[in-house]
DNA sequence: ATTAACTAAAGTGTCGACAATATAGTGCAA
DNA sequence: TTGCACTATATTGTCGACACTTTAGTTAAT
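Protein chains in written order, with my numbering: chain A, 1 to 223; chain B, 1 to 223.
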């Protein structure tokens, strides 16, 4: 299968995860050049290991590599994040549709429990946990699709990029209670095995997020 | 940007393209093990180059790698191709929607010309060209989405896997004249800038293909 | 006969060195 | 001053060697 659940075993794995973390969280800044020799001393591994890590990041579209020139961290553009959210809308919409079809009754029951615990947090205004809760919610539905390729595309590929944008553009989400209602309706549709509605609601949910982000971008004057 | 238009410059590039070709076209059989040492002699390059090529193939989900064990070509399963077509339906549906929004009038005119030339071929029963024509049709719409990330996911990732299934399961498509009508309606929707309809028609078009393949799989007794 | 420990072989993971390429800087000419 | 050619430097691409892990085969004990 793919490596979204596996822990790092090899040195190249660890370096890949560490480097991705450092880029996503902005410690290595967007658009900057990644020197292989420099990174190999920084992370105390050979250039081969660094090269493998960079190549993996290139496959995730987190860095861009040019032959005989080197790799750069992708630049954060308004276009870029809109592209990502269009893909998210498409793929997670499909994931919700498949989840409505393929999740077991037990898994749906668990999803309802998760929703209730979120409700408590929202009621108690513990918005700090909302971010993690939102991620958890989407994770479960994606896993519920039972489509391994789809799961891998979202977890190994898109999510880290989306997170990179969110972290670095300072998008700790508001939209708490609104998003909660949207989650509730999605779970209802899945519980009713209504594939069509589940997909539609998930797509709207993500569209709202995108619109929300676009407004923030305008406010920040990014382009 | 990504490398779907760029030609190979480095030795690792060439090896990657060659190896992918050999796997997709079945010269290296599905499910077989990829020995680094063996391949390095076969392709007359060092193990480093082979390793890089294999890693790229792993990112495309064409091979699966286990640490300290090695890489295997993915197995062809009914599940696998259904997963792929679900993703295609989702992503190419979105591509059609975006194409209806973002293609220039000139590009749409070109698309109509392409459709007419296909019509001539279908009328003359030159079904030999249908395969390439179909690919060309989808390519243009995907490019028309103007979403670079989406374009790369489809061209660099999904399409080679889909082709691998089609080649190795012997799916040189029938569905010629039926598919032509579907293409025609999709282009009409795009010409009318009807995003909603373009997406819906593209999704149906791909769903039909999937259903068609599923029936063939049943006929072949694959599972 | 079956299982466990051990050993040998093969294959992968990592490393440092060398080769090839791009880039910045210098000098020269117009 | 501007533009071109050339050189020097730095960085990436490729290679072969060594270290570590897995696996298969052998032996020995229950």
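The beta-carbon is built from N, C-alpha and C at its ideal position, and this holds for glycine as well.
In the structure shown, the three-state DSSP call for residue 34 of chain B is strand.
Proximity of residue 150 of chain A to chain B, defined by a Cβ-Cβ separation below 7 Å, is satisfied.
Residue range 63-66 is occupied by the beta strand (DSSP E) that includes residue 64 of chain A. Residues 33, 34, 35, 36 of the same chain have their beta carbon placed closer than 8 Å to that of residue 70 of chain A, with the five preceding and five following residues left out of the count. By alpha-carbon distance to residue 114 of chain B, the top candidate from B:131, B:91, B:140 is B:140.
CA-to-CA, the gap between residue 74 of chain B and residue 133 of chain A works out to about 34 Å. DSSP places residue 73 of chain A in the uninterrupted beta strand (DSSP E) bounded by 70-73. At least one CB atom of chain B sits nearer than 7 Å to the CB of residue 91 of chain A.
Under the DSSP assignment, residue 115 of chain A falls in the alpha helix (DSSP H) whose first and last residues are 105-123. At the C-beta level, residue 96 of chain A and residue 198 of chain A come within 7 Å of one another.
In this structure, the CA atom of residue 12 of chain B is about 9 Å from the CA atom of residue 51 of chain B. Contact residues of the stretch 30-64 of chain B toward chain A are 48, 51, 52, 55, 56, 58, 59, 60, 61, 64 (C-beta to C-beta distance below 9 Å).
Note on geometry: alpha-carbon atoms of residue 46 of chain B and residue 188 of chain B lie some 51 Å from one another. Within the stretch 156-187 of chain B, there are no complete beta strand (DSSP E) runs of at least 3 residues. For residue 218 of chain A, the three-state secondary structure derived from DSSP is helix.
Shown here, residue 199 of chain B sits in a helix according to DSSP, grouped into three states.
For residue 82 of chain B and residue 153 of chain A, the gap between their C-alpha atoms comes out near 15 Å. Chain A places a beta carbon closer than 7 Å to that of residue 94 of chain B, counting this residue as a contact. Residue 92 of chain A sits buried, since 16 or more C-beta atoms from the chains shown fall within 10 Å of its C-beta.
If you ignore the 5 residues before and after residue 72 of chain A, its C-beta comes within less than 6 Å of the C-beta of 33, 64, all in its own chain and listed in chain order.
Apart from sequence neighbours up to five positions away, no residue of its chain approaches residue 169 of chain B with a beta-carbon distance below 6 Å. Neighbourhood of residue 87 of chain B in chain A, by CB distance below 8 Å: 91, 94, 147, 149, 150, 153, in chain order. At a beta-carbon threshold of 8 Å, the residues of chain B lying near residue 83 of chain A are 147, 148, 149, 150, ordered along the chain.
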